[in-house]
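A.B. asks: When we follow the numbering used here, the leftmost residue of the sequence shown carries the number 266, and every step to the right adds one. C-beta atoms are modelled at their ideal positions from N, C-alpha and C, and glycine is treated no differently. So that we are looking at the same thing, I have put the structure below in structure tokens.
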Amino acid sequence: MARRRYRRKKLSLTSIILSIILLLIIIAGYYVYNTYFKEEEPFIEAKGDISFHFVMLGNEYAGDCVYVKAGENDILIDAGSNTSSIDDIENYLNKYVTDDKLEYVIVTHAHEDHIAGFAEENGSLFDLFEVGVIIDFPKTESTSKLYSTYQAERSAEVSLGAKHYNALDCYNNINGGQRIFNLSDDGNIKLEILYNYFYDHDASTENNYSVCVQFHHGPRKFIFTGDLEEKGEEYLVDYNDLSKVELYKAGHHGSSTSSCEKFMSAIKPNISVAQCCAGSVEYSDDIKKGTFPTQSYIDAIAPYTEKVYVPITIDIVQVEGQDTPSDTSDDKYDNKGNYQLLNGNIVVISEESGVMVECSNNATLLKDTAWFKNYRTLPNDWKVA
Ligand SMILES: [Zn+2]
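Encoded structure:
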């Protein structure tokens, strides 16, 4: 009996040792998997004096959302593409915004693909982040439910202490608004609110009411015009002292309505990002001519730069020789994640030594992608890599 008890005791000691060994193997395996095999989205350090992040929005719809980090200042320009993008935007911002506060929010115009992230009751970015200053558009003809929700969410944020100015008051330095916001102690980094003629004149399209801004880093300029269209761009050149920019966010997602010659020759962009899903049939079934980024945008920018970047493309473009999607039913296009990466999240970094571009997927120029080769014509100024 004593011997049996002894054997039982010995067995349980062996099983404890075996359990410990097994546990160690599991821990080691987990470590090896996490270190060498687990694919995580690359984190691009917000280094540099100022960086501009074109954020992927979790679906294949066109929408603007640019996060700008300038020292301690966290700035958001727009929050498209629809309310389902809020989680993706929040997750991205949380990697960089350490104090849950956005010092500035700029909302360019009342379309869904720009305001949606600010227009969710009890869950908008205004609910998720404290905001210092909100700058938005003086004019709109929108009567949408989404716009009313945006107004209510904005009011709630103002009641919590945010300052709210429209871009015209900023331009005129009245009612508390400022034309220039200093973003660094040495005055080297600034946000400038530009004058858009349609801040105080009627436009035939909501897009022309867009707030237009320019960041300065020393002599370098970075311009953002929302969805401003040709007429607005021409006035922008007439009424502002524009000159060469390092970065131009492609107006209206690279649509043919924007990036007119007069504007391009004034700003001569060095880098351009079209915040859209290449080839998505959201606004046109004509993949060759109608979808973003359009041939007309490409031709307009080509004399100045070949550094054009686009975050994603729809998977249909991988089908050689197929011009139109086989299934454009709403079901297919409502599915989250129905896209493939081109550049992924695109970050333009400006530091003392220069301006560089880092991307979460790869930094292939648009002209060298399979999508471009299938669906666009190489302008004379561009050469294949
Ligand atoms: Zn838009």
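Do the region 346-363 and the region 639-650 touch if we need at least three Cβ pairs shorter than 8 Å?
C.D. replies: As far as the Cβ criterion goes, the region 346-363 does not touch the region 639-650, which means the pair count is below three.
A.B. asks: Note down the Cα distance separating L448 from G483, rounded to an integer number of angstroms.
C.D. replies: 12 Å
A.B. asks: Helix, strand or coil for L410 per DSSP?
C.D. replies: According to the sequence provided, residue 410 is Lys. The question's Leu does not apply to it. Correct three-state label for K410: helix.
A.B. asks: Per DSSP, I488 forms a beta bridge with which residues?
C.D. replies: Partner(s): Q479, Y513.
A.B. asks: Could you tell me the boundaries of the beta strand (DSSP E) in which F317 lies?
C.D. replies: 315-319
A.B. asks: Say yes only if the C-beta of D492 is nearer than 7 Å to one or more non-hydrogen atoms of ligand 1, and no if none qualify.
C.D. replies: yes
A.B. asks: Just reading off the beta strand (DSSP E) that G619 is part of, what are its end residues?
C.D. replies: In the DSSP assignment, G619 falls within the unbroken beta strand (DSSP E) covering 619-624.
A.B. asks: Return the residue from the list Y504, C541, A565 that minimises the CA-CA distance to S523.
C.D. replies: For the residues Y504, C541, A565, the minimum Cα distance to S523 belongs to A565.
A.B. asks: Per DSSP, S673 is paired with what?
C.D. replies: The first residue shown for the chain is 266 and the last is 650, placing residue 673 beyond what the model contains.
A.B. asks: Evaluate E616 with the Cβ neighbour count: other Cβ atoms within 10 Å of its Cβ, from every protein chain shown; 16 or more gives buried, anything less gives exposed.
C.D. replies: exposed
A.B. asks: Put C435 into one of helix, strand or coil per three-state DSSP.
C.D. replies: helix
A.B. asks: Would you give the residue range spanned by the alpha helix (DSSP H) that E355 belongs to?
C.D. replies: 351-361
A.B. asks: From A344 to A567, what does the alpha carbon distance come to, in whole angstroms?
C.D. replies: 28 Å
A.B. asks: L393 by DSSP, collapsed to three states: which one?
C.D. replies: Three-state result, L393: helix.
A.B. asks: With 16 other CB atoms within 10 Å as the buried threshold, where does Y464 fall?
C.D. replies: buried
A.B. asks: Using a Cβ-Cβ cut-off of 7 Å (strictly less than) and excluding sequence neighbours within five positions of T589, which residues of its own chain qualify?
C.D. replies: Note that T589 scores 47 on pLDDT, short of 50, meaning its location in the model is unreliable and no value can be drawn from it.
A.B. asks: Please classify W636 as buried or exposed, where buried requires at least 16 other C-beta atoms within 10 Å of its C-beta.
C.D. replies: buried
A.B. asks: Should F489 be labelled buried (16 or more other beta-carbon atoms within 10 Å of its own) or exposed?
C.D. replies: buried
A.B. asks: Measuring CA to CA, which of V546, S537, I579 is closest to A628?
C.D. replies: Of the candidates V546, S537, I579, the one whose C-alpha sits nearest the C-alpha of A628 is S537.
A.B. asks: One question on the structure: do V476 and F383 come within less than 8 Å of each other, judged by their Cβ atoms?
C.D. replies: The answer is no: Cβ separation not under 8 Å.
A.B. asks: For H429, list the residues DSSP reports as bridge partners.
C.D. replies: I399
A.B. asks: Rounded to a whole number of angstroms, what is the C-alpha to C-alpha distance between G619 and E511?
C.D. replies: 10 Å
A.B. asks: With distances taken between CB atoms, is the gap from C542 to Y326 smaller than 8 Å?
C.D. replies: yes
A.B. asks: Do you know offhand how far D314's Cα is from E337's?
C.D. replies: 10 Å
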